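> Sending over a structure as structure tokens; questions will come in a sec.
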Amino acid sequence: MGESVLLTSTPPEHKESVIVSSAPQSRPWDVHRLPSAEGRNFLVTGGNAGIGYFTAEQLAATGALVVIGSRNPAKADAALASIRSRVPGARVRHLHLDLADLSTLKSAVDGLALDVGRLDAVVHNAGVALDDPPRRETEDGHELMFGTNHLGHYALTRWLAPLLSAAPAGRVVTVGS
Numbered sequence: 000m001g002e003s004v005l006l007t008s009t010p011p012e013h014k015e016s017v018i019v020s021s022a023p024q025s026r027p028w029d030v031h032r033l034p035s036a037e038g039r040n041f042l043v044t045g046g047n048a049g050i051g052y053f054t055a056e057q058l059a060a061t062g063a064l065v066v067i068g069s070r071n072p073a074k075a076d077a078a079l080a081s082i083r084s085r086v087p088g089a090r091v092r093h094l095h096l097d098l099a100d101l102s103t104l105k106s107a108v109d110g111l112a113l114d115v116g117r118l119d120a121v122v123h124n125a126g127v128a129l130d131d132p133p134r135r136e137t138e139d140g141h142e143l144m145f146g147t148n149h150l151g152h153y154a155l156t157r158w159l160a161p162l163l164s165a166a167p168a169g170r171v172v173t174v175g176s
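In numbering that gives the first Met the number 0, the protein residues as written are 0 to 176.
What follows is the structure in structure tokens.
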């Protein structure tokens, strides 16, 4: 099939052509009708609350195995129980993950590798926000927000690379709010 050309509505001096595919269009994306993710594995950091919880719950509803990465086992257990009550048959687990302590990440990922074998996506969602001005530091001596929100996810991605590469199309998703 050929391609069609669509002229944009820009001033004549800036007219550009845009290539539009003539392939059949799929239905629009709808958060209430997510495609099946049966057989896929996801890690959601900070999946015990807020945006991370919602993401984990929605992924669980698609049939995926969802691993919630959280440093607080009690909050993670509460999130897992809530997801299981709202999504019958949900396959959710907890991975103890402290992004403020880089020395623990490799062993956490090693355990995840034994458990799931491959990872279709990681959703980097965990983060800290400090209202208190005194400097707080990670275990490695970095400023806490930068160390957790940036360096922790960067290091985690490095250790997750083999698991993501083992999936047909591994993805890294970073959430900011």
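All C-beta atoms, glycine included, are put in the ideal place defined by N, C-alpha and C. This one's a predicted model, so the numbers in the text were calculated from it and none came from an experiment.
#1: Decide yes or no for the touch test of the stretch 28–45 against the stretch 55–71: beta carbon pairs closer than 8 Å, at least 3 of them.
#2: Considering only the beta carbon of each residue, do THR156 and ASP100 sit closer than 8 Å?
#3: State the DSSP-derived secondary structure class of LEU118, mapped to helix, strand or coil.
#4: With three or more C-beta pairs closer than 8 Å as the rule, is the stretch 73–82 touching the stretch 31–38?
#5: Which residue comes first and which comes last in the alpha helix (DSSP H) that contains SER69?
#6: From the DSSP output, in three-state form, read off VAL108 for me.
#7: By how many angstroms is the C-alpha of SER25 removed from the C-alpha of ALA160?
#8: If HIS93 sits next to VAL174, beta carbons under 8 Å apart, how far is it from one beta carbon to the other, in whole angstroms?
#9: For ARG90, report the span of its beta strand (DSSP E) as first-last.
#10: Considering only residues of the same chain and omitting the five flanking positions on each side of THR103, which have a CB-CB separation below 6 Å?
#11: Which residues bound the beta strand (DSSP E) around ARG32?
#12: Between which two residues does the alpha helix (DSSP H) harbouring LEU79 extend?
#13: How far does the beta strand (DSSP E) with ARG157 in it extend, from its first residue to its last?
Per the coordinate set shown:
#1: The stretch 28–45, when compared against the stretch 55–71, does touch it at the 8 Å Cβ threshold.
#2: No, the pair does not count as a contact, with Cβ atoms beyond the cut-off.
#3: In this structure, DSSP gives LEU118 a state outside helix and strand, which the three-state scheme calls coil.
#4: no
#5: Not the alpha helix (DSSP H): SER69 falls in the beta strand (DSSP E), residues 64–69.
#6: Helix, per DSSP.
#7: If you take the alpha carbons of ALA160 and SER25, they lie about 31 Å apart.
#8: Here HIS93 is actually not in contact with VAL174; their C-beta atoms are around 19 Å apart, not less than 8 Å.
#9: Its beta strand (DSSP E) spans residues 90–95.
#10: ASP97
#11: That residue, ARG32, is in no beta strand (DSSP E); it is neither H nor E in DSSP.
#12: 72–85
#13: Segment 152–164 is the alpha helix (DSSP H) holding ARG157; no beta strand (DSSP E) there.
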